[in-house]
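Report on the following structure.
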Amino acid sequence: MVIKYTGENGRYKIKSKRLPFDAICEEKNGTKILLLTLKEIAETNGNVSMIIKSNKCKVENINKQIVKQLECPVCNELMRPPIRQCSTGHSFCNTCRPKLNNCPTCRQAWSDVRNFSLEGLTPVVLYSCMYNQYGCEAILSGSEINAHEEICEFKMYLCPISNCIFTGNYLSTKNHFKLNHAQSLIGSTVYRCNFGQNHNTNTLETVLYFFEYNNIYRLTFKRTRELCCWNIAIMNSYNSNNKYFYVITITDPKKDQRKMTKSNLCLKKDVALSDINSVSFSYNDLVSYKNTNNNDLITYSCELYEHKFKYFVNFS
Ligand SMILES: [Zn+2]
Ligand SMILES: [Zn+2]
Ligand SMILES: [Zn+2]
Ligand SMILES: [Zn+2]
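Using our numbering, the letters of the sequence shown map in sequence onto residues 99 to 414.
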């Protein structure tokens, strides 16, 4: 069920394959569409409670008892799944819980036990998108809101360049980056290029960024006396993005079929790089992949994958 505020006369547009209440409505390709005010929604349904509550947008409590059960005692926002509890049984929202060492009500330790009866209420409760202050008008049930916020076009991103204070949604951050930090950006077309390597000089580190899949990635290339290391970190929220990994392939320019490949998981941005969480090749491994015997250039490509699916082939 999708419910969106129309911005007109307090009416909400409801689209659903199966409405949770009886109502006369328009039908398009098996989807029922109707325009109602919250009061009308409340009057139309007997069993289903619909609640819209957020600090930033209109508050309308249709069933006060359900609201009370789902309210986080610390911040008063409505809790969303997964709802976890302390060893006594008190629940708090997923924003407040990580900030508290133990339960503020009874001082008992946290447990990982889920409160499924509370979670069971959330599909009939409506949540407004957490980015509504930036213009998102989506209002969705507890079973849909988390997935929406992951891909919400109003989600905020911080420019990853240090000292730059730009914040914007995905597209405006990407555009900002192209205009202001083009020298640090990797394009998304397929290409390979050479990398100068000279094992007699000191450590060298190159940092570049690219935008894909609604994420900002940082590619770090590090060369020490013995090793070449590649590493990719995700610069925005990591929890839902730990499914991405990358593959570094070194190719022999004289024989295209001769390759060396290693892969690793994308990292959280503040994790310190090590041989274990990066892809590394020793200088001895790389020597026979040099483009010519007279210089220290090697050819490599980097690919990013999500689960089993190849997403793109890329860059230098
Ligand atoms: Zn809270
Ligand atoms: Zn407690
Ligand atoms: Zn949104
Ligand atoms: Zn910037």
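The beta-carbon is built from N, C-alpha and C at its ideal position, and this holds for glycine as well.
Range of the contiguous alpha helix (DSSP H) that encloses residue i
i: N375; result: No alpha helix (DSSP H) contains N375, which DSSP labels as neither H nor E.
i: F214; result: 214-217
i: F275; result: 268-278
i: H188; result: It is not in any alpha helix (DSSP H) - H188 carries neither H nor E in the DSSP assignment.
i: N244; result: 243-249
Assigned secondary structure, residue i (DSSP; H/G/I helix, E/B strand, else coil)
i: I346; result: strand
i: R321; result: strand
i: D368; result: coil
i: E404; result: strand
i: R356; result: strand
i: Q183; result: strand
i: V211; result: strand
i: I259; result: coil
i: I122; result: coil
i: K421; result: An answer regarding residue 421 cannot be provided, because it is not within the stretch 99 to 414 covered by the chain.
i: R205; result: coil
i: S335; result: coil
i: Y289; result: Only weak support is given to the placement of Y289: the predicted model assigns it a pLDDT of 42, under 50, and the question is left unresolved by the model.
i: T193; result: coil
i: Y398; result: strand
i: N382; result: helix
i: K111; result: strand
i: K166; result: helix
i: R116; result: coil
i: Y229; result: coil
Same chain only: Cβ atoms within 6 Å of residue i, ignoring 5 sequence neighbours per side
i: L306; result: S282, I284, L317
i: R356; result: D350
i: V377; result: W328, I346, K360, N362
i: I243; result: Y225
i: R116; result: none
i: Q301; result: Here residue 301 is Thr; the residue named in the question, Gln, does not match the sequence. Here the set comprises T322.
When the options are compared against residue i, the one with the closest alpha-carbon
i: C257; options: K272, V369, D350, I330; result: K272
i: S270; options: D354, M254, Q355, V369; result: M254
i: C184; options: T193, C191, V172, N200; result: N200
i: R415; options: T220, G266, N213, L384; result: Residue 415 lies beyond the residue range present for the chain, which begins at 99 and ends at 414; the question has no answer from this structure.
i: Y268; options: H279, N278, A280, C250; result: C250
i: D373; options: I259, T186, W328, T301; result: W328
i: M177; options: Y225, K276, E248, F379; result: Y225
i: V47; options: Y387, I330, I348, Y398; result: Because the chain in this structure spans residues 99 to 414, residue 47 falls outside the shown range and cannot be described.
i: Y232; options: V223, E242, C262, F252; result: F252
i: N192; options: C326, F275, N213, I263; result: N213
i: N248; options: L371, C234, S260; result: The amino acid at residue 248 is misidentified as Asn; the sequence shows Glu. Among L371, C234, S260, the Cα nearest to that of E248 belongs to C234.
Whole-angstrom C-beta distance between residue j and residue i, which should lie under 8 Å
i: E460; j: Y336; result: With the chain represented from 99 up to 414, any question about residue 460 goes unanswered, as that position is not in the structure.
i: Y344; j: S361; result: 6 Å
i: F190; j: C170; result: 5 Å
i: K367; j: I332; result: 6 Å
Extent of the continuous beta strand (DSSP E) run through residue i
i: V305; result: 302-310
i: I237; result: 236-239
i: S226; result: 224-226
Own chain, CB closer than 7 Å to residue i, minus 5 neighbours either side, in chain order
i: N179; result: What sits at residue 179 in the sequence shown is Pro, not Asn. Around P179: E217, T220, G240.
i: H246; result: C227, A236, L238
i: N334; result: Y255, N313, I314
Cβ neighbours of residue i in the same chain (closer than 8 Å, five flanking residues each side left out)
i: T265; result: M254, Y255, L256, C257, T271
i: D210; result: R182
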